[in-house]
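Single-structure report; data block below.
Protein chains: 2
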Amino acid sequence: MATSNLPVLYSFFRSSCSWRVRLALSFKKIAYETRPVNLLLNENKTEEYKAIQPFGAVPAFIDTNGKVFIESVAIMEYLDETRPEFPLLPKDSVDRATVRALVQAIAMDIQPVCSIRILRYTSRGETDWSNHFISLGFEAYEKMLEKTAGKYSFGDTITMADLVLAPQYYNGIRAGVDMTLYPIIYRIHSTLEQLEEFKATHPSMQPDCPLEPY
Amino acid sequence: MATSNLPVLYSFFRSSCSWRVRLALSFKKIAYETRPVNLLLNENKTEEYKAIQPFGAVPAFIDTNGKVFIESVAIMEYLDETRPEFPLLPKDSVDRATVRALVQAIAMDIQPVCSIRILRYTSRGETDWSNHFISLGFEAYEKMLEKTAGKYSFGDTITMADLVLAPQYYNGIRAGVDMTLYPIIYRIHSTLEQLEEFKATHPSMQPDCPLEPY
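Residue numbers (our numbering), protein chains in the order written: chain A, 32 to 245; chain B, 32 to 245.
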């Protein structure tokens, strides 16, 4: 389905799951074409897009081999297995399990509960709902980081955990969460946000980011 | 923390995430000690348990090396890396990504939205909420399986995807979802539920399953 010889990323600028994969691609120095999918305009619910991603979720990734990959963490694992430059997981199995637990704590226990489709369904206020669950989640995540963090989420090397943390931090800010309540998260994010890879993949730098405040 | 020389699984009988890991342990023929954590009695919210699992979620796994592992999918990946008997993922990277996408579609896009803590927070009826999101999820999952399924979720070999599907099917039944609407899921589950590993790890067979209907 790619029209160029680059891999394709279906992405929505402010989707934290899309951002995870943008970060993985950036750290691994993989050039790619962005195809924006506007969730607010329901572009993810077209038959054409659902043929690629049946849940109508972003991101989706099409590699140069023409294969379609979905689910952000599965895509990052795939990129890590096929592009060894800048490994996203440690080598030791116990360490890998620790990083994967950090990744999944955000990817399963925090992010999904506050996705757009959930917010649209709840009869509670959207921001209250997000604030509630992100705050609870970060409170627990901070405890995980007490055991694992160095300069970054797992020791002093960037891992997949950091690629998941920064986009969730952004979601927290959007939901009005006071991030200074979580000093380790706050400190790691302050370090991460200075890196070129984070700046270049930030929602505000995406081709589909509107000029007006969003 | 283990009192025997067996690994320990902190588990709640009807937690689908606990069941995933029970299945992985069963297929890999790893003997273990079950330590029940009753979510309905808030046993997961004690300081003692949260020192093990800061989110207060089940399962948690303590291996014979004394290391603590949390997050069900990370635990399954760890078991698969350290106990090669009965591999849960294919060898090829594209295939692995496909199985992981199936796993994560349930583990991130379906299950978390209907966990007990979410159901307690929503002001909609618990069963209606679960039914809504599990139905939407299985509708999309069925489309994924159209591309991947054989006898099982991915071809004709049991993978991690099946270990995640069966417990989610059980959640669907509990939420009153008509599973015959999803013929591939229904067929795969009918095959899976006849296997000894599924029978032995079923919620109703757990030491903490109450005698009364639950």
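Each residue gets a CB set at the ideal place from its N, CA and C atoms; glycine is no exception.
Please read all numbers here as calculations on a predicted model, not as lab measurements.
Euclidean distance between Cα positions of residue i and residue j
{"i": "Asp8 of chain A", "j": "Tyr217 of chain B", "result": "The requested residue 8 of chain A is not part of the displayed model; chain A covers only 32 to 245."}
{"i": "Gln225 of chain A", "j": "Leu167 of chain B", "result": "40 Å"}
{"i": "Thr153 of chain A", "j": "Ile137 of chain B", "result": "20 Å"}
{"i": "Pro90 of chain A", "j": "Tyr80 of chain A", "result": "11 Å"}
{"i": "His233 of chain A", "j": "Pro67 of chain A", "result": "14 Å"}
{"i": "Leu70 of chain A", "j": "Ser49 of chain A", "result": "12 Å"}
{"i": "Glu243 of chain A", "j": "Leu110 of chain B", "result": "48 Å"}
{"i": "Ala55 of chain A", "j": "Pro121 of chain B", "result": "23 Å"}
{"i": "Asp187 of chain A", "j": "Met175 of chain A", "result": "16 Å"}
{"i": "Gly87 of chain B", "j": "Phe100 of chain B", "result": "13 Å"}
{"i": "Pro85 of chain A", "j": "Glu102 of chain A", "result": "11 Å"}
{"i": "Lys59 of chain B", "j": "Val195 of chain B", "result": "15 Å"}
{"i": "Asn96 of chain B", "j": "Leu37 of chain B", "result": "10 Å"}
{"i": "Val104 of chain B", "j": "Cys240 of chain A", "result": "33 Å"}
{"i": "Ile165 of chain B", "j": "Ile215 of chain B", "result": "15 Å"}
{"i": "Met191 of chain B", "j": "Leu223 of chain B", "result": "12 Å"}
{"i": "Ala184 of chain A", "j": "Glu177 of chain A", "result": "One point to set straight first is that residue 184 of chain A is Ser, not Ala, in the sequence displayed. Distance between the alpha carbons of Ser184 of chain A and Glu177 of chain A is about 9 Å."}
{"i": "Ala206 of chain B", "j": "Ala62 of chain A", "result": "44 Å"}
{"i": "Arg45 of chain A", "j": "Ile147 of chain A", "result": "11 Å"}
{"i": "Phe92 of chain B", "j": "Ile83 of chain A", "result": "36 Å"}
{"i": "Asn162 of chain A", "j": "Arg53 of chain A", "result": "25 Å"}
{"i": "Lys230 of chain A", "j": "Thr113 of chain A", "result": "25 Å"}
Residue i at chain A interface by Cβ criterion, 8 Å
{"i": "Ala62 of chain B", "result": "no"}
{"i": "Pro38 of chain B", "result": "no"}
{"i": "Ser42 of chain B", "result": "no"}
{"i": "Arg131 of chain B", "result": "yes"}
{"i": "Val68 of chain B", "result": "no"}
{"i": "Ile219 of chain B", "result": "no"}
{"i": "Asp140 of chain B", "result": "yes"}
{"i": "Glu224 of chain B", "result": "no"}
{"i": "Ile149 of chain B", "result": "yes"}
{"i": "Tyr183 of chain B", "result": "no"}
{"i": "Ala128 of chain B", "result": "yes"}
Where residue i falls, given that 16 or more other Cβ within 10 Å makes a residue buried
{"i": "Met32 of chain A", "result": "Note that Met32 of chain A has pLDDT 48, beneath the 50 cutoff, so the model's placement of it is unreliable and the number below is only indicative. Flag for Met32 of chain A reads exposed."}
{"i": "Asn75 of chain A", "result": "buried"}
{"i": "Val39 of chain A", "result": "buried"}
{"i": "Ala132 of chain B", "result": "buried"}
{"i": "Thr129 of chain A", "result": "buried"}
{"i": "Ala197 of chain B", "result": "buried"}
{"i": "Ser57 of chain A", "result": "buried"}
{"i": "Ile204 of chain B", "result": "exposed"}
{"i": "Met236 of chain B", "result": "exposed"}
{"i": "Asp123 of chain A", "result": "exposed"}
{"i": "Leu72 of chain A", "result": "exposed"}
{"i": "Ser221 of chain B", "result": "exposed"}
{"i": "Asp140 of chain A", "result": "buried"}
Residue i - partner residues in DSSP beta bridges
{"i": "Glu64 of chain A", "result": "A:Val39"}
{"i": "Phe92 of chain B", "result": "B:Leu40 and B:Phe100"}
{"i": "Gly186 of chain A", "result": "A:Ala180"}
C-beta neighbour in chain B for residue i, strict 8 Å
{"i": "Pro241 of chain A", "result": "no"}
{"i": "Arg114 of chain A", "result": "no"}
{"i": "Val125 of chain A", "result": "yes"}
{"i": "Gln237 of chain A", "result": "no"}
{"i": "Lys174 of chain A", "result": "yes"}
{"i": "Glu228 of chain A", "result": "no"}
{"i": "Pro143 of chain A", "result": "yes"}
{"i": "Ala105 of chain A", "result": "yes"}
{"i": "Ala55 of chain A", "result": "no"}
{"i": "Ala180 of chain A", "result": "no"}
{"i": "Ala136 of chain A", "result": "yes"}
{"i": "Met32 of chain A", "result": "Here the model assigns Met32 of chain A a pLDDT of 48, short of 50, so the residue's position is not dependable and the matter cannot be decided."}
{"i": "Arg51 of chain A", "result": "no"}
>> To be precise: take each residue of the region 70-101 of chain A, compare its Cβ to all Cβ atoms of chain B, and keep it if any distance is under 7 Å. Which residues remain?
In response: Residues passing the 7 Å Cβ filter: Pro85, Phe86, Ala88, Lys98, Phe100 and Ile101.
> Looking at chain B, which residues of the region 188-217 of chain A have a Cβ within less than 7 Å of any of its Cβ atoms?
Replying inline: Answer set for the region 188-217 of chain A: empty.
> Of all the residues that make up the region 153-172 of chain A, which are near chain B by a beta-carbon distance shorter than 9 Å?
Replying inline: Flagged, chain order: Thr153, Ser154, Arg155, Trp160, His163, Phe164, Leu167, Gly168, Glu170, Ala171 and Tyr172.
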